[in-house]
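Peer 1: Residue numbers (my numbering): 37 to 463.
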DNA sequence: TCTGGGGTCCTAGGACCC
DNA sequence: TCTGGGGTCCTAGGACCC
């Protein structure tokens, strides 16, 4: 059996943890740049605020129902996520927890007797809430797809299920499949859902009875075949090895306003690259390739304009590196190749790929410094200062001083758990 | 005026090789 | 006028996820 454990309205729960006065109030959290709604408490859902609604469109409803609004506070969410995941790893045998996203983890439960699974799940839910203050929902079933389905149904019927649902016999599975529309299956996105409905397939139960060969042709090849098997209770999506190396690290942001100045684009790219390099070092990798891209405002206004030929450049590094200075040196010239005067830019981004473990860097035949250990010490010092004193305390001058292009975050709560000067105070 | 950011996997098709 | 078969590697693009 597989379980998925999922934090309820995670970002909102994090905000409420330090604002108990909001416990039964509607709460929403906004995307970067305070652009749109990305998390809603149950109360906010029930006043009719949909996911992804632009903030400016949501404003009337927000005022009418006195909804508490927060800018996203990733320092806080990341730290609380770590606490939840640590709790799971503490309570389960090693190798059975797969962190799937900031607020979800799959558990492989073969070590638990089938008749114990339900009580174990309830216990787990209770412990996570006691230790972290975060409420979770748990779905258990044979396979990841069915466990996601169980989780979804558990949340939908909180009162009856206590946020835990175990699909452990054919009748329960059948009922769950009948109760799930194709578009609500994990792995079926909007495109496939439209396609399936056009073919008269509306429920997971109907999809389950389609032949594998049909799925191979119509649902993305092997992905479709795995889907049919999972729906039939045959686990076909394995647990992921937590040690697997990442393939890319990317950092991108919308600007707080449109930007037309090349110097400002360079600053933004320098800042995103610094951030990406920090992630790179934290995970112990070096990058062999840098991608830089920009997105502009379409000529007719409104629309995003991105043309890979025109708006994206990359450079292959002579030697993989994780030093911000070396990466900057290679990446900044790309900006000048991309930049077109007079264009209104909305966003820029940096992608680091061809990642290799720092310990296994291929040195280049002609480089004079075998491994730039002074540079590495400098980066270590930089990362330590920025970790303990807050991001960007020390940064490269190329990332700019005034930085008026930076995103808006006007309603961010304090970083209660990660910054000494922002601790929760009791008076 | 105002619509996020960070990922993964898979396939098709072109270039190239023997 | 005729013009193979088998393979690898790479990239772009589509689809999905939270």
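In this text, a Cβ means the ideal position worked out from N, Cα and C, and glycines have one as well.
Please read all numbers here as calculations on a predicted model, not as lab measurements.
Where DSSP assigns a beta bridge to residue 393, which residues make up the other side?
Peer 2: 321
Peer 1: Is it true that the region 140 to 152 meets the region 81 to 99, where meeting means three or more beta-carbon pairs spaced less than 8 Å apart?
Peer 2: no
Peer 1: Quick one, which of 222, 57, 284 and 228 has its alpha-carbon nearest residue 273's?
Peer 2: 222
Peer 1: Check the C-beta distance from residue 42 over to residue 172 and give it rounded, since I have them as a contact under 8 Å.
Peer 2: 6 Å
Peer 1: Straight-line CA distance for residue 412 to residue 351?
Peer 2: 22 Å
Peer 1: Measuring only the C-alpha atoms, how far is residue 161 from residue 174?
Peer 2: Whole-angstrom Cα-Cα distance: 7 Å.
Peer 1: Quick check on the burial criterion: 16 or more other C-beta atoms within 10 angstroms. Buried or exposed for residue 62?
Peer 2: buried
Peer 1: Give the list of continuous alpha helix (DSSP H) stretches no shorter than 4 residues that lie fully inside the region 279 to 307.
Peer 2: none
Peer 1: Tell me the rounded alpha-carbon separation between residue 140 and residue 128.
Peer 2: 15 Å
Peer 1: Measure the CB-CB distance between residue 355 and residue 370 and report whether it falls below 8 Å.
Peer 2: no
Peer 1: When you compare each of 186, 250, 206 and 204 to residue 197 by their alpha carbons, which one comes out closest?
Peer 2: 186
Peer 1: Assuming residue 218 and residue 237 make a contact with CB atoms under 8 Å, what is their CB distance in whole Å?
Peer 2: The pair is a contact, with the Cβ atoms about 6 Å apart (cut-off 8 Å).
Peer 1: Rounded to whole angstroms, how far is the Cβ of residue 181 from the Cβ of residue 266, which I believe are closer than 8 Å?
Peer 2: The C-beta distance from residue 181 to residue 266 rounds to 4 Å, short enough to fall under 8 Å.
Peer 1: Thinking C-alpha only, which one of 108, 275 and 190 is nearest residue 179?
Peer 2: 275
Peer 1: Whole angstroms are fine: how far does the CA of residue 311 sit from the CA of residue 346?
Peer 2: 25 Å
Peer 1: Under DSSP, the alpha helix (DSSP H) around residue 48 begins and ends at which residues?
Peer 2: 46 to 53
Peer 1: Three Cβ pairs or more, each shorter than 8 Å: is that satisfied between the region 313 to 322 and the region 82 to 95?
Peer 2: With a cut-off of 8 Å, the region 82 to 95 and the region 313 to 322 do not count as touching, because too few Cβ pairs lie within range.
Peer 1: Counting only runs of 3+ residues fully inside the region 85 to 165, write out the beta strand (DSSP E) ranges in chain order.
Peer 2: 104 to 107, 133 to 137 and 140 to 144
Peer 1: To the nearest angstrom, report how far apart residue 416 and residue 409 are at their CA atoms.
Peer 2: Approximately 10 Å between the Cα atoms of the pair.
Peer 1: I'd like to know whether the C-beta atoms of residue 382 and residue 331 end up nearer to each other than 8 Å.
Peer 2: yes
Peer 1: Closest to residue 441 by C-alpha separation, out of 340, 304, 459 and 366, would be which residue?
Peer 2: 304
Peer 1: Find out if the Cβ-Cβ distance for the pair residue 285, residue 184 is shorter than 8 Å.
Peer 2: no
Peer 1: Please return the same chain residues whose Cβ sits closer than 7 Å to the Cβ of residue 229, not counting the five positions on each side in sequence.
Peer 2: 218 and 219
Peer 1: Can you list, in chain order, the residues of its chain with a C-beta nearer than 6 Å to that of residue 357? Leave out the 5 residues immediately preceding and following it.
Peer 2: 322
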